[in-house]
Structure formats: C-alpha cells, structure tokens
Amino acid sequence: MAVMLTPSTAPVTPARPVRDRHHRGVSRWMVLALVTLGALVMLVPFAFMLLNAFKSPGDYSSGGPLSWPTEFYTKGLRTYWTTVNFPLKLWNSALIAGSVAVLGVVVSLLNAYALGIGRVRGRLWIVGLFLLANMLPQEALIYPLYYVAKQVGLYNTQLSVIIIFTVIQSAFGTYLLASVLGTFPRSLLEAAALDGAGKWTVLWRVVFPNLRPTLAVLLIFFFIWTWNEFLIPLVMLIDNQTQTIPVALASLQGDRLMDAPTTNAGALISLVPAILFFLIFQRTLARGITAGAEK
C-alpha cells in the first residue's frame, strides 16, 4: 500500500543558513590588514622614486630625498631620454627579453617532454642536474661565459646574451615542466598511440594544449626575469648600441658624482614598460596559476 505524505507529515530538510560574503571573521580582517600593510610598505620605495623624479637638483641638495619639491621638474626625464638614447635601449631590452622568453619556453618544453614522457634513462639525475645548474650564481659563470663569447666571436652582441639566458631560464623551465609531465595521464598518451599518433603529434596535439596555461606563466616569468638582468649584460654588452635598460640606468652613476633626480627619473621610465607588460598579461598569469593549482 502506498503511503501519501501530506504537507504536514512530509520530512522537512532544514535550510542552510545563507552566509553573507561580506561578513568576515576577526582573523580574516587581521590577515587582510596585514596584507594591505605589507603592500603599502612595498610601495614606499616607488613613492620616493616618483617624488624625486620630478625634483630639481637644488631641491634635492637642500631638502634631501624626503622633502617636497618646490617645482615640477621634468628636465631629469628629458636628460635621461636623450643621454642614454632610451628608445634604442628599450628595443634592445624588448628584443633580448622577448627572444629569451619564447626560446626558453620552447627548449624547456622539448627537454621536459623527453624527460617526463620519454622516460629517458637516468631521468632523476638529469632533472637534479638541471636544478643544480639553476642554483649556480651568475658570478661563478661570468668568466667562462666571457671567455667562450670572446673565442667564438659573439662578445658584445645581443645574440650572446640571448643564448646565455635561454640556457639559464630553460634550466628552471625544464625542471618545472619535467615534474609536471612526470604525472601526465598515461591514458591520454595510450589513446593517442592507438590512433597512430607519432611523438611530434602527441607533443603538439596532446601535451601542448594541456600545458598551455603553465607555458604562459613561464613565458611571462622568463620575460620579466630577463628584463631585470644586470650583471651578464653589463659584462657582455659594452657598446652603447647593444646595451639594455638596466645597464643604461647604471651608466648615469659616476665615480664621485650622481645626479639623483635624473637617476630617479630614469628608474621611473625604465619601470613603466615592465609594469605595462605585467598589467597586460596579468589575467593570463592568474589563469595559468589557477589552472596549475586545479590540476
């Protein structure tokens, strides 16, 4: 016999309390306050740089770096722009950083594909070697790199810096991607093999689409890291026509005299391209990190 449940006798499931997303606990507000405070502390040097970039040398000498400028001084910006030939330095930095970012990602992907999926013999030792190479300080590498560049005729050329940083950045990229591909689903690879796909087809049709967010993150990191490099470009690029922005900025500082307003103005201009690049690809970076966390 079927039993009919009337509204009065039907089981009632208690409704879950609706949680207001604006209602936060004390601990969350404390964490938010600490993060905000840390962000403000990190912005203090940039605030001083912005303040002194538009300050005249007289104001800087009389009031120091903490004083408020008495006039809106823009000669420092014009002096830096013309003295170091900033458009040329911008092109050099963009060319080197962009080439290293693309080549570093490609080399990292090929190396990691052989180590993570190809399962070459001694894989763990090779990955450890890449990790060790990534930990070597540049000071230990600068003389061998200088000597080799001299011998092969690449000294004072942008190609030498591109090759050096491609190898350096791909060491980290290979270690990261090899660890990711070591856990790649074997079922996808077996299904592609059953369909008659070769190694290159598996790489570009199966592996590459799944690694695209991670590769985008590596591309952004490689570009920013290479853009900010100073020591190796300083040693390898001695001609004014081949130098990058960080090297050009350091050239403003003499042995006994430094024009602080011009230096701050140069640092401000040099920082703008990197900030714009980060803002443009910020969403790509966030999506790549989130996709990596979900996987």
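Reminder that position 144 of the sequence shown reads as 144 in UniProt numbering, one-by-one numbering, no gaps. C-beta atoms are modelled at their ideal positions from N, C-alpha and C, and glycine is treated no differently.
7 Å or more divides the Cβ of Ala-248 from the Cβ of Lys-55. Ser-93 and Val-26 have their C-alpha atoms spaced approximately 46 Å apart. Take the alpha-carbon of Leu-77 and the one of Ala-265: they are about 5 Å apart. Between Val-161 and Pro-233, the CB-CB gap stays under 7 Å. In summary, Leu-136 is exposed, with fewer than 16 beta-carbon neighbours lying within 10 Å of its beta-carbon over all protein chains present.
By the C-beta density criterion, Phe-208 is exposed, having fewer than 16 other C-beta atoms within 10 angstroms. Taking a cut-off of 8 Å for Cβ pairs, the segment 156-170 and the segment 94-107 touch, as three or more such pairs fall below it. By the Cβ rule, the segment 38-55 counts as touching the segment 65-73, because three or more pairs are nearer than 8 Å.
Gly-38 counts as exposed, since fewer than 16 other C-beta atoms from the protein chains shown sit within 10 angstroms of its C-beta.
Per the C-alpha coordinates, the member of Ile-280, Leu-237, Leu-276, Tyr-175 positioned closest to Gly-153 is Leu-237.
In terms of Cα proximity to Asn-85, the closest of Pro-69, Val-272, Ile-163, Gln-241 is Gln-241. In the three-state DSSP reduction, Arg-28 falls in the helix class (H, G or I).
Less than 7 Å separates the beta-carbon of Ala-101 from that of Phe-222.
In this chain, the alpha helix (DSSP H) harbouring Trp-227 covers 208-227.
For Asp-59, the three-state secondary structure derived from DSSP is helix.
Assignment of Thr-201 by DSSP, reduced to helix, strand and coil, places it in the helix class. Straight through space, the alpha carbons of Ile-164 and Leu-252 are spaced by roughly 26 Å. Pro-65 sits in coil when the DSSP states are folded into three classes, being neither helix nor strand. Take the alpha-carbon of Phe-130 and the one of Gly-116: they are about 13 Å apart.
By the neighbour-count criterion, in which a residue is buried when 16 or more other Cβ atoms sit within 10 angstroms of its Cβ, Trp-227 is buried. Pairing Gln-158 with Ile-96 gives a Cβ-Cβ distance under 7 Å.
Following the DSSP letters along the chain, one finds Ser-99 inside the alpha helix (DSSP H) bounded by residues 86-112. The Cβ neighbour count for Pro-213, taken over all protein chains shown within 10 Å, is at least 16; the residue is labelled buried. In the structure shown, Leu-176 adopts helical secondary structure according to DSSP, grouped into three states.
Just so you know, the alpha carbons of Leu-218 and Pro-261 end up roughly 35 Å apart. With 16 or more other Cβ atoms from the protein chains shown falling within 10 Å of its own Cβ, Thr-244 counts as buried. Just so you know, the alpha carbons of Ala-267 and Asn-156 end up roughly 24 Å apart.
Around the beta carbon of Ile-275, fewer than 16 other beta carbons sit within 10 angstroms, so the residue counts as exposed.
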